[in-house]
Amino acid sequence: MIDQLNEIIVAPATRTIRGLATEVILPPEDGMPVLCALDFDHVSLGQRDRIGAALCYIPESRWPDVRRALLVACGFEVG
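Using numbering that gives the first Met the number 0, the letters of the sequence shown map in sequence onto residues 0 to 78.
In structure tokens, the structure reads:
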């Protein structure tokens with residue numbers, strides 16, 4: 000079903016790393032061209048047809064970090 004949606008959730012990547020609980024740091028070892036952070040304080044919906052090619056794919060081992068950052072950004076306590 001998710002492949003049929005016109006909008007998808009996006010989180011911006013930035014080279015400015017602030018050390019926030021709402022960030023996920025992605026080093027070149029994870030596939031990014033340079034060290035960066037995904038900023039889950041600024042998630043939004045993006046039109047699927049306006050999104051270009053993927054720069055990298057987050058390794059499955061990093062998905063718990065994504066989950067934690069997103070929950071914190073949404074105001075949920077993460078223990």
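Backbone N, C-alpha and C fix where the C-beta goes; we use that ideal spot for every residue, glycine too. Since the model is a prediction, treat every value here as computed from it, not as a measurement.
Look at residue i and residue j and say whether their C-beta atoms are less than 8 Å apart.
| i | j | result |
| --- | --- | --- |
| residue 40 | residue 72 | yes |
| residue 6 | residue 37 | no |
Just how far apart, CA to CA, sit residue i and residue j?
| i | j | result |
| --- | --- | --- |
| residue 67 | residue 60 | 13 Å |
| residue 75 | residue 42 | 15 Å |
| residue 62 | residue 10 | 14 Å |
| residue 21 | residue 53 | 22 Å |
The beta strand (DSSP E) with residue i in it runs from where to where?
| i | result |
| --- | --- |
| residue 2 | No beta strand (DSSP E) holds residue 2; DSSP gives it neither H nor E. |
| residue 65 | Run containing residue 65: none in the beta strand (DSSP E); it sits in the alpha helix (DSSP H), 62-72. |
| residue 10 | That residue, residue 10, is in no beta strand (DSSP E); it is neither H nor E in DSSP. |
| residue 45 | 43-46 |
| residue 35 | 35-38 |
| residue 77 | Segment: none, residue 77 is in no beta strand (DSSP E) and carries neither H nor E. |
Below 8 Å CB to CB, which residues in the same chain sit around residue i once its five sequence neighbours on both sides are set aside?
| i | result |
| --- | --- |
| residue 34 | 14, 16, 24, 25, 26 and 27 |
| residue 46 | 5 and 6 |
Go through its chain and collect everything with a Cβ distance to residue i's Cβ below 7 Å, but skip five positions before and after it.
| i | result |
| --- | --- |
| residue 64 | 23 |
| residue 58 | 29 |
Between which residues of its own chain and residue i is the CB-CB distance below 6 Å, once the five residues before and five after are set aside?
| i | result |
| --- | --- |
| residue 55 | 30 and 31 |
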